[in-house]
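Read through the structure below, which is laid out as structure tokens, and then see the notes.
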């Protein structure tokens, strides 16, 4: 049995679907909150519930009693923890939601893993932990001490909590720093989705920092492949950890951190051009300054991921966006 938290979410849905296809029994956990339209989450669940090896519990990871009960009722061999309060900008106006879900909720998962001696916990971190780090591409080996959003800070806190549990209890734990994931069944609050909505409706799109931002856009299938390969390779202690320069990505405990990104940053204006091309319609743009909490550029160093699991993301945005647009038209009933 593998637990997948956030199973009705974008990445969780795709990961659960892949694990089910691979023959695993999956228990999905999600609170189906209204951060974005729960109808999309329920539609994802319909897809998952067609699998006989899938079961689902509508609970929040921040509900300590419920999570304790689920671990006791169905002790998992592994956990993929993807539930979180997402979104950089909302963390400016509703910070308590981020601490409740991303810190307190993660603690409940860690405790479940400790009490039931889970063989491997793989959990979602974020490229947001890099914050003001000026060194690009971002390496998981480097320190991440200057996040610029509370969202990024809670993800950094999660990494540190995981290391504590790995060190104290010998639990294999692997954190994955995702870089701007996109694709079919994606989150409606993400830029590529809101841009598509607005362009088709003839509305103006807001382009922050006047489009002079770069993101390491990473296609969902590549992310899933990375998650599954990492899950099959539980973290091990690094015996050389204390003998060289500090390395934040490993430890003398069974702890690892990896970047999962396309390692090919794309400027936002180019990303919009690809969406326009796939839609066959031009966007009306409103150029705005950068927003508080925004990072101007992200780029992933995935050399450790490639070395350890033999895989690195490579789907170009021209392919990934076309697949998203095809799904969008089908899901929303929009004719080409």
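Residue numbers (the numbering used here): 10 to 345.
Every residue, glycine too, gets a C-beta built ideally from N, C-alpha and C.
All of these numbers come straight from a predicted model, not from anything done at the bench.
Counting along the chain, residue 41 sits inside no alpha helix (DSSP H), nor does DSSP assign it H or E at all.
Residue range 129-135 is occupied by the beta strand (DSSP E) that includes residue 130.
Taking the CA atoms as reference points, residue 194 sits about 6 Å from residue 19. Judged by DSSP in its simplified three-state form, residue 227 adopts strand. If you draw a 10 Å sphere on the C-beta of residue 255, you find fewer than 16 other C-beta atoms in it, and that means exposed.
The C-beta separation of residue 343 from residue 209 comes to about 6 Å, placing the pair in contact by the 8 Å criterion. Secondary structure note for residue 184: its beta strand (DSSP E) is the uninterrupted segment 182-187. If only uninterrupted beta strand (DSSP E) runs of at least 3 residues are considered, those enclosed by the stretch 164-215 are 182-187.
Contact between residue 175 and residue 182 holds, with the beta-carbon distance rounding to 4 Å and staying under 8 Å. In this structure residue 222 is buried. Its beta-carbon is surrounded by 16 or more other beta-carbon atoms within 10 angstroms. For residue 87, the enclosing beta strand (DSSP E) starts and ends at 87-90. If you check the CB distance, residue 295 and residue 215 come in under 8 Å. Here residue 151 has 142, 144 and 257 as same chain residues with Cβ atoms under 7 Å from its own Cβ, once five neighbours each way along the sequence are excluded. Residue 269 holds the alpha-carbon nearest to the alpha-carbon of residue 316 among 269, 140, 55 and 226.
The residues 67, 68 and 69, in chain order, have a CB closer than 7 Å to that of residue 40 in the same chain once the five nearest residues on each side in sequence are set aside. Rounded to the nearest angstrom, the Cβ distance from residue 326 to residue 204 is 13 Å, too far for a contact under 8 Å.
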